[in-house]
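**Student:** Going line by line, the protein sequences match chains X and S. In terms of the working numbering, the first sequence has 81 at position 67, counting the first letter as 1, and numbering is strictly consecutive. In terms of the working numbering, the second sequence has 259 at position 276, counting the first letter as 1, and numbering is strictly consecutive. Glycine included, every Cβ here is placed at the ideal spot set by N, Cα and C. No experiment lies behind these values; they were computed from the predicted model shown. Please see the structure below; I have some questions.
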Amino acid sequence: MIKRLTNRLTALIALLCLVAVALPARAATRAAGDTLIRNATVLTVTNGTLKNTDILIQNGKIARIGKDLKAPEGAKVIDATGKFVMPGIVDCHSHTMIDAVNEFSASVTSMCRIQDVLNPTDPALYLQLAGGVTALNLLHGSANAIGGQNQVVKIKFGRPVEEFIFPDAPPGIKFALGENPKRSSARGIPGIPNRYPATRMGVEEVIRDAFTRARDYKRQWDSYNAAKAKGENVTPPRRDTQLDPLVEVLEGKRFVHSHCYRAEEILMLIGIADDFGFKVRTFQHTLEGYKVAKEIAKHGAGASIFADFWAYKVEAYDAIPYDAAILERAGVLVSLNSDDDGRSRRLNIEAAKMMKYGDVSEESALRMITLNPARQLGIDKRVGSIEVGKDADIAIWTAHPLSVYARVDMTFVDGDMLFDRATDLARREALAKERAELEKADPNRAGEGGQPGGIPRGRRPAYKGEDNCLKGAEEHQQ
Amino acid sequence: MARMAIALLCLMPMLFSLGFAQQQLDLAPRSAVFIRNARIVTVSGEIIERGGVAIKDGKIVAVGASATAPGGAQIVEGQGLTVYPGMFDAATALGLVEIESVPATIDQAEIGEFNPNARAIIAVNPHSAHVRVTRCNGVTNVVTMPQGGTICGQATILNLFGTSPKEMAVQPLAALVVNFPRLALGGGGPFTAFRQGGPSNINEAINQRNRRVEDLRRILREAIDYGKAMDAAAKDATLPRVAENVVLGDLLPYAKGEKPVLFRAERETDIRAVIRFAEEMNLKPILVGGNDAWKVTDELKAKNVPVILTGTLDLPMRDDDAYDALYENAAKLQKAGVKYAISTGDNGPHVRDLPYHAGMAAAFGLDPKDALRAITLSPAEIMGVGAQLGSLEVGKMANVIITDGDILEPKTHVKYAFIDGRPVQLTSRHTDFYEQFKQRVK
Chain X
15 MIKRLTNRLT
25 ALIALLCLVA
35 VALPARAATR
45 AAGDTLIRNA
55 TVLTVTNGTL
65 KNTDILIQNG
75 KIARIGKDLK
85 APEGAKVIDA
95 TGKFVMPGIV
105 DCHSHTMIDA
115 VNEFSASVTS
125 MCRIQDVLNP
135 TDPALYLQLA
145 GGVTALNLLH
155 GSANAIGGQN
165 QVVKIKFGRP
175 VEEFIFPDAP
185 PGIKFALGEN
195 PKRSSARGIP
205 GIPNRYPATR
215 MGVEEVIRDA
225 FTRARDYKRQ
235 WDSYNAAKAK
245 GENVTPPRRD
255 TQLDPLVEVL
265 EGKRFVHSHC
275 YRAEEILMLI
285 GIADDFGFKV
295 RTFQHTLEGY
305 KVAKEIAKHG
315 AGASIFADFW
325 AYKVEAYDAI
335 PYDAAILERA
345 GVLVSLNSDD
355 DGRSRRLNIE
365 AAKMMKYGDV
375 SEESALRMIT
385 LNPARQLGID
395 KRVGSIEVGK
405 DADIAIWTAH
415 PLSVYARVDM
425 TFVDGDMLFD
435 RATDLARREA
445 LAKERAELEK
455 ADPNRAGEGG
465 QPGGIPRGRR
475 PAYKGEDNCL
485 KGAEEHQQ
Chain S
-16 MARMAIALLC
-6 LMPMLFSLGF
4 AQQQLDLAPR
14 SAVFIRNARI
24 VTVSGEIIER
34 GGVAIKDGKI
44 VAVGASATAP
54 GGAQIVEGQG
64 LTVYPGMFDA
74 ATALGLVEIE
84 SVPATIDQAE
94 IGEFNPNARA
104 IIAVNPHSAH
114 VRVTRCNGVT
124 NVVTMPQGGT
134 ICGQATILNL
144 FGTSPKEMAV
154 QPLAALVVNF
164 PRLALGGGGP
174 FTAFRQGGPS
184 NINEAINQRN
194 RRVEDLRRIL
204 REAIDYGKAM
214 DAAAKDATLP
224 RVAENVVLGD
234 LLPYAKGEKP
244 VLFRAERETD
254 IRAVIRFAEE
264 MNLKPILVGG
274 NDAWKVTDEL
284 KAKNVPVILT
294 GTLDLPMRDD
304 DAYDALYENA
314 AKLQKAGVKY
324 AISTGDNGPH
334 VRDLPYHAGM
344 AAAFGLDPKD
354 ALRAITLSPA
364 EIMGVGAQLG
374 SLEVGKMANV
384 IITDGDILEP
394 KTHVKYAFID
404 GRPVQLTSRH
414 TDFYEQFKQR
424 VK
């Protein structure tokens, strides 16, 4: 028994070592000194394309943009001749680095916070840096009509978790409509409780009921505060952590990001929002958004969508890759998201597809993965374009990033180079050698006459965006 | 003249695509067409910067700078356009799966371990929305395969055109599909109900895998014996009659190595096991999946085992794999001289993304010319239809697409397509909705 325990401990330590050495960015440049990127083609997003242009990064910010800039003493100089610099991609729908996606047990879980389940060592973060992504909107899953509170992060891979929190990002909350909250694919499955609602009617009622309660609760607090202001000696209402975030929604202090598919449910949520006097900040997925584009535009909501993902369930059968084009033409602020660790690595290709489906302009396509999602998240003062004073969250590409042949060379977050392909390549041989040595010392091998070890299980598998709340649960609750 | 009028009618939906054309049945006849003044990417030979492609009776009848129009041919002005062979995805379930979360729309996996007689061509739905959505992006051919059990069934090679499975079939029974037994990991977590019977330790897992391989070996041998008995009985009437067996009968040509077997395997150990097994049993193997194929290039090359890569855009299999391990897989096989194709491995909805899988491989070390070959001629060759499909050559089936740019680039539009020399209407469920709802914007 003790031997087995020791074996397991050894295995754990070996695994930790392996993980530690396998994360190249961990030891990567943390000086955050000055950097001068020389002679690049700069896709500013807000100010067109600048050729043969230099970018000076100082104190984590874009300090200067111009021609023939002088490198300050000690600055790292990167020759980007023939290369393209674009703002870091902002992925407006992600479940990377969260160890629990869905709190399944109730239909209104606004009290739950994604900020409590962040895992800064998720290797998928590094893969996304390698795809030029620098910021993520981490959302609760879609199992509930009203889900948990979101967390916007910068991918500060290799840094402590506190540094991931995006400074001053307005708080938000996940809502979900349609098949997932009504649990179309999760009936009678052990571990998944049956609960109200089971139809789109019930989903509407759950949200309306929650906001009715929230409005009432807000009135209690308002009258308490008014009485207190008058100097009366009054007892405060009981704090309700479920309703507090919804009061913030009513007050316009918290963004609603609502998962949705069908046109009717989009109109339904707009109806509730109008009745209660709040705005939906973004509709997420919005696969049938093209059917009600003018209503979304009139409400003032943004749409954060898949480029062309469809047919994985009934409510995704009317999805079309022209969704972005139609929504944009109607005046909706559109972003393209991944909802998937894999797709997040190629959002540039997803954006490029929009130039085919509905002839979205190159500038618009670029904005859909940079400035538009930044605006939707209220973080566009800091990121989303290359402008003096903005955070140095940028990536250097080998070709125009809307070309399929483009590859990321380097990614910077707050001026830190957190991905560098050359460094990654240079480390591979040493890592392979180390891995081989660790494998030789495999403590899982059967001991003499003893029981063979258990089958090693991977750590939390990367989130695969099936957009099926059940599958998400199975993977994440392992 | 009458012929010309017919051809013109067939081409009308494409030529006047500005107007809203609703989806029509695939009834267009083979027409004589001449594409002129275009850039021609033949794949099999050099790129022709300016020339013509002539199509007649379903075949390509001329390609090149000096090609001329067949009599009565409809002219397609190719100025500024590029002609390619239609793309070919060699590992899909297109037509067997309509909506992935709705079992009633899926005909993909049979019950039981050994189903060589489960034939994809029986269940393929020619009117699946995926057919049109896919060909609108220039993919004209797919291999559709069953999936499930150890021997999954027989895959079919399809033209994405036609009103019945028979009309679509290029090769109705093209290959046997085998999920090569691999180490099955035990369960855990709250949904253990789904993982019943998982082995609890590594030795048990190995034994279980070995038993399944032995079962596969046995049924292949049974098929050979069955074939011998049938042959003997046919020659000598005095021998006892052998009961006909549809399972073994369907398995026989594959067991004898006459037709290819598509082995699904991803990991290095499983790939090596497939190579050994196929050699031992004298099969004609094609590896499908192949995420670790780059680790096995020597053996794949030595044993001449082709690979259909389906994981180019997938996440690396292991946390400590290089971030680009799967992006680079194709380039490494190319360099090592292994025969390979790039596939989406998709059930249908996203087969249209085939060129971007190849494009990503090109971003990570593969020459763009080789990337294009990996989604046209190479899959056709691997599937045994290289003489018919995959390149623009005289005598080949006229599966031809015409684009306004590099087909691997996502922004490129497919302007015209021909399959079996028939003009393809480039409309789909998606363009229909687009045409309708783009009028409801303001």
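#1: Asp289(X) to Leu283(X), Cα distance in whole Å?
#2: Who are the Cβ neighbours of Phe347(S) in its own chain at under 7 Å, not counting the five residues just before and after it?
#3: Is Ile334(X) close to chain S, meaning its C-beta is less than 9 Å from at least one C-beta of that chain?
#4: Identify which residue in Gly285(X), Ile103(X), Glu278(X), Gly291(X) has its Cα closest to the Cα of Gly266(X).
#5: Which residues in the same chain as Val418(X) place their Cβ atom closer than 8 Å to its Cβ, once the five residues preceding and following it in sequence are excluded?
#6: Can you find a C-beta in chain S that's less than 9 Å from the C-beta of Glu443(X)?
#7: Would you mind telling me which residues of chain S sit closer than 9 Å to Lys327(X), beta carbon to beta carbon, in chain order?
#8: With DSSP collapsed to three states, give me the class of Asn66(X).
#9: Quick check: the segment 148 to 156 of chain X against the segment 73 to 81 of chain X, are there 3 or more CB pairs under 8 Å?
#10: Would you mind sorting Gly28(S) into buried or exposed? The rule is 16 or more other CB atoms within 10 Å of its CB.
#11: Below 9 Å between beta carbons: does that hold for Arg52(X) and Ile112(X)?
#12: Which partner residues does Ile319(X) have in the DSSP bridge list?
#13: Am I right that Ala363(S) and Ala354(S) are in contact with their C-beta atoms under 8 Å? What's the rounded C-beta distance?
#14: Report the rounded CA-to-CA distance for Ala152(S) versus Ala74(S), giving the unit in angstroms.
#15: Taking only the alpha-carbon atoms, compute the straight-line gap between Pro223(S) and Arg204(S) and give it to the nearest angstrom.
#16: Which one or two residues does DSSP pair with Arg52(X) in a beta bridge?
#17: How long is the line joining the alpha carbons of Gly240(S) and Met264(S), rounded to whole angstroms?
#18: Taking C-beta pairs closer than 9 Å, name the residues in chain X that His413(S) reaches, listed in chain order.
#19: By how many angstroms is the C-alpha of Thr117(S) removed from the C-alpha of Leu79(S)?
#20: Relative to the alpha-carbon of Lys211(S), which residue among Asp198(S), Ala324(S), Val225(S) has its alpha-carbon at the smallest distance?
#21: For Ile286(X) and Cys135(S), what's the separation of their Cα atoms in angstroms?
#22: Quick one: measure Cβ to Cβ for Arg222(X) and Leu257(X), integer angstroms, because I've assumed they're closer than 8 Å.
#23: Suppose contacts are defined by Cβ-Cβ distances below 9 Å. Is Val56(X) in contact with Leu380(X) by that definition?
#24: Please classify Tyr417(S) as buried or exposed, where buried requires at least 16 neighbouring CB atoms within 10 angstroms.
#25: Within the 9 Å Cβ cut-off, does Ser276(S) reach chain X?
#26: Starting from the Cα of Asp230(X), find the closest Cα among Gly356(X), Ala212(X), Arg252(X) and give me that residue.
#27: Distance cutoff 9 Å, beta carbons only. Does Pro450(X) sit that close to anything in chain S?
#28: Would you mind working out which of Gly303(X), Ala409(X), Asp355(X) sits nearest Tyr336(X), comparing C-alpha positions?
#29: At least one CB of chain X closer than 9 Å to the CB of Gly78(S): is that the case?
#30: Only counting the same chain, and skipping five residues up and downstream in sequence, which positions put a Cβ closer than 6 Å to that of Thr386(S)?
#31: CB Leu264(X) to CB Phe225(X), shorter than 9 Å?
#32: Under a three-way DSSP split, which group does Phe416(S) fall into?
#33: Taking Ala21(S) as the reference, give the member of Ala37(S), Gln7(S), Asp90(S) with the closest Cα.
#34: Using CA coordinates, which residue listed in Pro101(X), Asp68(X), Leu64(X), Asn61(X) is at the minimum distance from Asp405(X)?
#35: Mark Val374(X) as exposed unless 16 or more other C-beta atoms lie within 10 angstroms of its C-beta, in which case mark it buried.
#36: With respect to the alpha helix (DSSP H) encompassing Leu141(X), which residues constitute its N-terminal and C-terminal limits?
**Tutor:** Once the coordinates are examined:
#1: The count along the first sequence starts at 1 and reaches residue 289(X) at position 275. The count along the first sequence starts at 1 and reaches residue 283(X) at position 269. Rounded to whole angstroms, the separation of the alpha carbons of Leu283(X) and Asp289(X) is 10 Å.
#2: By one-based count along the second sequence, residue 347(S) stands at place 364. Cβ within range, chain order: Asp307, Tyr310, Glu311, Ala314.
#3: Along the first sequence, read from residue 1 onward, the residue named residue 334(X) stands at position 320. With 9 Å as the cut-off, Ile334(X) counts as an interface residue toward chain S.
#4: Counting from 1 along the first sequence, the entry for residue 266(X) is found at position 252. When Gly285(X), Ile103(X), Glu278(X), Gly291(X) are compared, the shortest CA-CA separation from Gly266(X) is found for Gly291(X).
#5: Residue 418(X) sits at position 404 when you count from the first residue of the first sequence. If we look at Val418(X) and ignore the five residues flanking it on each side, its Cβ neighbours are Ile363, Ala366.
#6: Within the first sequence, numbered from 1, the residue matching residue 443(X) stands at position 429. Not one chain S Cβ lies under 9 Å of Glu443(X).
#7: Translated into the one-based positions of the first sequence, residue 327(X) becomes position 313. By Cβ distance, chain S contributes Ile82, Glu83, Ser84, Val85.
#8: Here the question's residue 66(X) lines up with position 52 in the first sequence. Asn66(X): strand per DSSP, three-state reduction.
#9: no
#10: Sequence index remark: in the second sequence, residue 28(S) carries index 45 (1-based). It is exposed - the Cβ of Gly28(S) has fewer than 16 other Cβ atoms within 10 Å.
#11: Locating residue 52(X) in the first sequence gives position 38, counting from the first residue. Locating residue 112(X) in the first sequence gives position 98, counting from the first residue. No. Outside cutoff.
#12: Locating residue 319(X) in the first sequence gives position 305, where the first residue counts as 1. Per DSSP, His299(X), Leu350(X).
#13: Taking the first residue of the second sequence as position 1, residue 363(S) is located at position 380. Taking the first residue of the second sequence as position 1, residue 354(S) is located at position 371. Incorrect: roughly 15 Å between the Cβ atoms, too far for contact.
#14: Start at 1 with the first residue of the second sequence, and residue 152(S) comes out as number 169. Start at 1 with the first residue of the second sequence, and residue 74(S) comes out as number 91. The alpha-carbon atoms of Ala152(S) and Ala74(S) are separated by roughly 15 Å.
#15: Within the second sequence, residue 223(S) is the residue found at index 240, counting from 1. Within the second sequence, residue 204(S) is the residue found at index 221, counting from 1. Taking the straight line joining both Cα atoms gives about 20 Å.
#16: If you number the first sequence from 1, residue 52(X) lands on position 38. Bridge partners of Arg52(X): Asp93(X).
#17: For the purposes of this step, residue 240(S) is taken as residue 257 along the second sequence, with counting starting at 1. For the purposes of this step, residue 264(S) is taken as residue 281 along the second sequence, with counting starting at 1. So the two alpha carbons sit approximately 8 Å from each other.
#18: Indexing the second sequence from 1 puts residue 413(S) at position 430. What His413(S) touches in chain X: Asp322, Trp324, Ala333, Ile334, Pro335, Tyr336, Tyr371.
#19: Locating residue 79(S) in the second sequence gives position 96, where the first residue counts as 1. Locating residue 117(S) in the second sequence gives position 134, where the first residue counts as 1. Rounded to the nearest angstrom, the two C-alpha atoms are 14 Å apart.
#20: The residue labelled residue 211(S) in the question sits at position 228 within the second sequence. Residue Val225(S) holds the alpha-carbon nearest to the alpha-carbon of Lys211(S) among Asp198(S), Ala324(S), Val225(S).
#21: For this step, residue 286(X) is matched to residue 272 along the first sequence. For this step, residue 135(S) is matched to residue 152 along the second sequence. Each residue's alpha carbon lies about 50 Å from the other.
#22: As a working mapping, residue 222(X) is identified with position 208 in the first sequence. As a working mapping, residue 257(X) is identified with position 243 in the first sequence. With a Cβ gap of about 14 Å, Arg222(X) and Leu257(X) do not count as contacting.
#23: The count along the first sequence starts at 1 and reaches residue 56(X) at position 42. The count along the first sequence starts at 1 and reaches residue 380(X) at position 366. No, the pair does not count as a contact, with Cβ atoms beyond the cut-off.
#24: If you number the second sequence from 1, residue 417(S) lands on position 434. Buried, because 16 or more other Cβ atoms sit within 10 Å of the Cβ of Tyr417(S).
#25: Looking up residue 276(S) in the second sequence gives position 293. Note on residue identity: the sequence assigns Ala, not Ser, to residue 276(S). Answer no: the Cβ-Cβ gap between Ala276(S) and chain X never drops below 9 Å.
#26: As a position in the first sequence, residue 230(X) is number 216, starting the count at 1. Looking at the Cα atoms, Arg252(X) is the closest of the given residues.
#27: Translated into the one-based positions of the first sequence, residue 450(X) becomes position 436. Note that residue 450(X) is Ala in the sequence shown here, rather than Pro. Proximity of Ala450(X) to chain S, defined by a Cβ-Cβ separation below 9 Å, is not satisfied.
#28: The sequence position of residue 336(X) within the first sequence is 322, counting from 1. Of the listed residues, the one whose Cα sits closest to Tyr336(X) is Gly303(X).
#29: The residue given as residue 78(S) occupies position 95 in the second sequence. No, Gly78(S) lies away from the interface with chain X (no Cβ there is under 9 Å from its Cβ).
#30: Here residue 386(S) refers to the residue found at position 403 of the second sequence. Answer for Thr386(S): Thr65, Thr395, Val397, listed in chain order.
#31: Residue numbering aside, residue 264(X) sits at position 250 when the first sequence is read from its first letter. Residue numbering aside, residue 225(X) sits at position 211 when the first sequence is read from its first letter. Against a cut-off of 9 Å, the Cβ pair of Phe225(X) and Leu264(X) comes out as a contact.
#32: In the second sequence, the residue the question calls residue 416(S) occupies position 433. When DSSP states are grouped into helix, strand and coil, Phe416(S) belongs to the helix group.
#33: For the purposes of this step, residue 21(S) is taken as residue 38 along the second sequence, with counting starting at 1. It is Ala37(S).
#34: On the first sequence, residue 405(X) is found 391 positions in, with the first residue counted as 1. Measuring from the Cα of Asp405(X), the nearest candidate turns out to be Pro101(X).
#35: As a working note, residue 374(X) is residue 360 in the first sequence. So Val374(X) counts as buried.
#36: To locate residue 141(X), count along the first sequence from 1; it is residue 127. If you look at Leu141(X), you'll find it in the alpha helix (DSSP H) that goes 137 to 143.
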